[in-house]
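Below you'll find the structure, written out as structure tokens, and then a few comments.
Residue numbers (this note's numbering), protein chains in the order written: chain A, 1 to 267; chain B, 1001 to 1258.
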């Protein structure tokens, strides 16, 4: 189906009549940790992807030419993939402690991603969290904490579902299904290793280097500035004034350093 | 130890505005001569040297030479807390790890005290010889700032030609080209706006406009600016103040014909 969304060319799932307006939000990509666009409509999460036309392509729409030549793709996404890395950081698990139980509102609280809160409004947030979390029901509050064994069994079910899809193409079965499911879901190295130990794939070593899974430490640094991560980038970056930043862009071609004109003085 | 009381705090504020756009950290070298600073920009093609002579302060006391390493952005932020008419006193002990600043309002009713952490900065000082330049142009500093800003629209570099008739600033870029010529003015009535040229030999040199525009941040310090040039040596842009100076040196662009 082709729908025009604010004069953009977009391929997405069919929208039932009387749906809410889609909300576009910025969230940390569970695979890369970088901010990415997502769409929430009728309590469902969608991933938004755009083919970048780099300003070189345009669209013809009837007799109008539209300068933005990008093609947008909206695909449904299982929010659990989104939850796992967030839950993993928020529980603050250490070697000695299992981590914290948190209420729904606290899990999706981030200074950097204000839209994270929108995830609490999904249709089945609570049910989805139960899939991978240990839940404590007290009279007034429900609290959640990521449960490693639940994550593993959930991931295995995902892999199996994919494997079944690929069943019809036996050549793909062993390698592709596993590696495609993995980068999506497994932010943490420990899960990657654990999951791979469940399956025996001789080709995996070769593929591992191709996919280059980023570590969960990267996720914290690049994607979400959560408190536990030291803000290394802020410390290292030297303060530059506006003028200095402008000068940094100035071309110094043909200019010799001043030390070639003036001699150094022993101070 | 250092103790320096500056009647017109605005001077220090303007000085900081003039250098913080070029360098981030620098040592203030304090001696009985006054307070000096020399530092190069990140690319090492420009250098700033400033001096506030001891007689600009009342009183000025510096028993032993001190190098106070300061982050200039931080210092300029602290100085923004001072009023333009405030009297500023700088103090530092011999082995101090911080610089103390006191701002007194003119009526003496308000006193603000700030301490700024110092840092260790490795600085290499360049010995700059006193040279006779082929051409020295003295002109209005606001005019110079205006010309640099205007020509920046056209190009990243400017060609400066000095002859005995006048000085010509020319820029050529993709948009087109432009040139501003200032004639050596005969009228001595309006000294601030006049253009004076001392010439040994005609010069024609290319300079980065981004850097020149950066130097013109010092315009509020002096109504006059002097440009000293010789072939294939750095340009000297000097703003003279009553009790000191700020000098910028910039390497010429060589091998560029535009």
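Just so you know, even glycine gets a beta-carbon here, dropped at the ideal spot from N, CA and C.
Short Cβ contact (8 Å threshold) for residue i with residue j
{"i": "residue 1050 (chain B)", "j": "residue 1037 (chain B)", "result": "yes"}
{"i": "residue 24 (chain A)", "j": "residue 45 (chain A)", "result": "no"}
{"i": "residue 1027 (chain B)", "j": "residue 1068 (chain B)", "result": "yes"}
{"i": "residue 13 (chain A)", "j": "residue 79 (chain A)", "result": "no"}
{"i": "residue 1154 (chain B)", "j": "residue 1182 (chain B)", "result": "no"}
{"i": "residue 1211 (chain B)", "j": "residue 247 (chain A)", "result": "yes"}
{"i": "residue 954 (chain B)", "j": "residue 1236 (chain B)", "result": "Residue 954 (chain B) lies beyond the stretch modelled for chain B, which goes from 1001 to 1258, so this question has no answer here."}
{"i": "residue 1205 (chain B)", "j": "residue 1222 (chain B)", "result": "no"}
{"i": "residue 35 (chain A)", "j": "residue 82 (chain A)", "result": "no"}
{"i": "residue 1116 (chain B)", "j": "residue 1074 (chain B)", "result": "yes"}
{"i": "residue 1061 (chain B)", "j": "residue 1003 (chain B)", "result": "yes"}
{"i": "residue 299 (chain A)", "j": "residue 70 (chain A)", "result": "Because residue 299 (chain A) is not part of the residues shown, which for chain A are 1 to 267, the question remains open."}
{"i": "residue 1053 (chain B)", "j": "residue 1094 (chain B)", "result": "no"}
{"i": "residue 945 (chain B)", "j": "residue 1159 (chain B)", "result": "The question about residue 945 (chain B) has no answer here: the residues shown for chain B are numbered 1001 through 1258."}
{"i": "residue 264 (chain A)", "j": "residue 1124 (chain B)", "result": "yes"}
{"i": "residue 57 (chain A)", "j": "residue 146 (chain A)", "result": "no"}
Neighbouring residues, chain A, relative to residue i (Cβ below 8 Å)
{"i": "residue 1054 (chain B)", "result": "Result: empty, since nearest Cβ-Cβ is about 21 Å, beyond 8 Å."}
{"i": "residue 1214 (chain B)", "result": "243, 246 and 247"}
{"i": "residue 1208 (chain B)", "result": "250, 251, 252 and 255"}
{"i": "residue 1156 (chain B)", "result": "250 and 251"}
{"i": "residue 1211 (chain B)", "result": "247 and 250"}
Chain B residues whose Cβ lies nearer than 9 Å to that of residue i
{"i": "residue 240 (chain A)", "result": "1024, 1042 and 1073"}
{"i": "residue 262 (chain A)", "result": "1047, 1126, 1127, 1128, 1129, 1234 and 1249"}
Under 8 Å by beta carbon: chain B residues contacting residue i
{"i": "residue 258 (chain A)", "result": "1040, 1044, 1045, 1046, 1047, 1126, 1234, 1249 and 1251"}
Pick from the options that is closest to residue i, judged by C-alpha positions
{"i": "residue 72 (chain A)", "options": "A:108, A:59, A:153 and A:257", "result": "A:59"}
{"i": "residue 154 (chain A)", "options": "A:137, A:146 and A:132", "result": "A:132"}
{"i": "residue 19 (chain A)", "options": "A:29, A:42 and A:30", "result": "A:42"}
{"i": "residue 1203 (chain B)", "options": "B:1152, B:1022, B:1251 and B:1228", "result": "B:1228"}
{"i": "residue 74 (chain A)", "options": "A:255, A:8, A:98 and A:62", "result": "A:8"}
{"i": "residue 1012 (chain B)", "options": "B:1033, B:1084 and B:1040", "result": "B:1084"}
{"i": "residue 148 (chain A)", "options": "A:109, A:137 and A:84", "result": "A:84"}
{"i": "residue 1119 (chain B)", "options": "B:1146, B:1099 and B:1035", "result": "B:1099"}
{"i": "residue 1010 (chain B)", "options": "B:1078, B:1064, B:1070 and B:1129", "result": "B:1078"}
{"i": "residue 38 (chain A)", "options": "A:108, A:116, A:98 and A:112", "result": "A:116"}
{"i": "residue 1164 (chain B)", "options": "B:1137, B:1180 and B:1170", "result": "B:1137"}
{"i": "residue 241 (chain A)", "options": "B:1022, B:1003 and B:1014", "result": "B:1022"}
{"i": "residue 1122 (chain B)", "options": "B:1148, B:1242, B:1132 and B:1070", "result": "B:1070"}
{"i": "residue 1105 (chain B)", "options": "B:1007, B:1128 and B:1015", "result": "B:1007"}
{"i": "residue 22 (chain A)", "options": "A:99, A:244, A:137 and A:118", "result": "A:118"}
{"i": "residue 1179 (chain B)", "options": "B:1149, B:1197, B:1195 and B:1193", "result": "B:1149"}
{"i": "residue 1233 (chain B)", "options": "B:1214, B:1019 and B:1134", "result": "B:1134"}
{"i": "residue 1035 (chain B)", "options": "B:1191, B:1005 and B:1114", "result": "B:1005"}
{"i": "residue 261 (chain A)", "options": "B:1131, B:1241, B:1201 and B:1162", "result": "B:1131"}
{"i": "residue 123 (chain A)", "options": "A:265, A:243 and A:40", "result": "A:40"}
{"i": "residue 1156 (chain B)", "options": "B:1167, B:1252, B:1191 and B:1200", "result": "B:1252"}
{"i": "residue 1147 (chain B)", "options": "B:1213, B:1064 and B:1048", "result": "B:1213"}
{"i": "residue 1207 (chain B)", "options": "A:165, A:244, A:164 and A:252", "result": "A:252"}
{"i": "residue 1126 (chain B)", "options": "B:1048, B:1095 and B:1019", "result": "B:1048"}
{"i": "residue 304 (chain A)", "options": "A:163, A:109, A:11 and A:87", "result": "Residue 304 (chain A) falls outside the range modelled here, since chain A spans only 1 to 267, and no answer is possible."}
{"i": "residue 1162 (chain B)", "options": "B:1184, B:1020, B:1241 and B:1040", "result": "B:1184"}
{"i": "residue 1057 (chain B)", "options": "B:1032, B:1064 and B:1039", "result": "B:1032"}
{"i": "residue 1167 (chain B)", "options": "B:1201, B:1110 and B:1124", "result": "B:1201"}
{"i": "residue 1128 (chain B)", "options": "B:1198, B:1039, B:1111 and B:1109", "result": "B:1039"}
{"i": "residue 1195 (chain B)", "options": "B:1226, B:1177, B:1024 and B:1173", "result": "B:1226"}
{"i": "residue 1191 (chain B)", "options": "B:1082, B:1224 and B:1241", "result": "B:1224"}
{"i": "residue 243 (chain A)", "options": "B:1020, B:1102 and B:1112", "result": "B:1020"}
{"i": "residue 1241 (chain B)", "options": "B:1029, B:1025 and B:1055", "result": "B:1055"}
Listed by chain order, chain A residues near residue i by CB distance under 9 Å
{"i": "residue 1217 (chain B)", "result": "243"}
{"i": "residue 1021 (chain B)", "result": "241, 242, 243, 244, 246 and 247"}
{"i": "residue 1254 (chain B)", "result": "254, 255 and 256"}
Partner residues on chain B for residue i, Cβ-Cβ distance less than 7 Å
{"i": "residue 265 (chain A)", "result": "1125, 1126 and 1127"}
Inset, instruction - Please confirm if the segment 1240 to 1254 of chain B is in contact with the segment 1208 to 1225 of chain B, defined as three or more CB-CB distances below 8 Å between the two stretches. - result: yes
Legend entry - Residue ranges of each beta strand (DSSP E) within the segment 13 to 89 of chain A, 3 or longer: 23 to 28, 35 to 41, 44 to 51, 59 to 61, 64 to 66 and 71 to 76
Inset, instruction - At 3 residues or longer, and completely inside the segment 1062 to 1134 of chain B: list those beta strand (DSSP E) runs for me, N to C. - result: 1066 to 1071, 1087 to 1092, 1098 to 1104, 1111 to 1117 and 1125 to 1127
Legend entry - Cβ contact (3+ pairs, closer than 8 Å) linking the segment 87 to 103 of chain A and the segment 134 to 149 of chain A: With a cut-off of 8 Å, the segment 134 to 149 of chain A and the segment 87 to 103 of chain A count as touching, because enough Cβ pairs lie within range.
Inset, instruction - Determine, using beta-carbon pairs with one atom in the segment 1129 to 1146 of chain B and one in the segment 1082 to 1095 of chain B, whether at least three such pairs fall under 8 Å. - result: no
Inset, instruction - Report the residue ranges of all beta strand (DSSP E) runs contained in full by the segment 97 to 139 of chain A; include only those spanning at least 3 residues, in chain order. - result: Counting only runs of 3 or more, we get 133 to 137.
Inset, instruction - Say whether the segment 1039 to 1056 of chain B touches the segment 247 to 257 of chain A, bearing in mind that this needs 3 or more beta-carbon pairs closer than 8 Å, one atom from each stretch. - result: yes
Inset, instruction - Just list the alpha helix (DSSP H) runs in the segment 1185 to 1230 of chain B, keeping only unbroken ones of 4 residues or longer that don't cross its boundaries, in chain order. - result: 1209 to 1215
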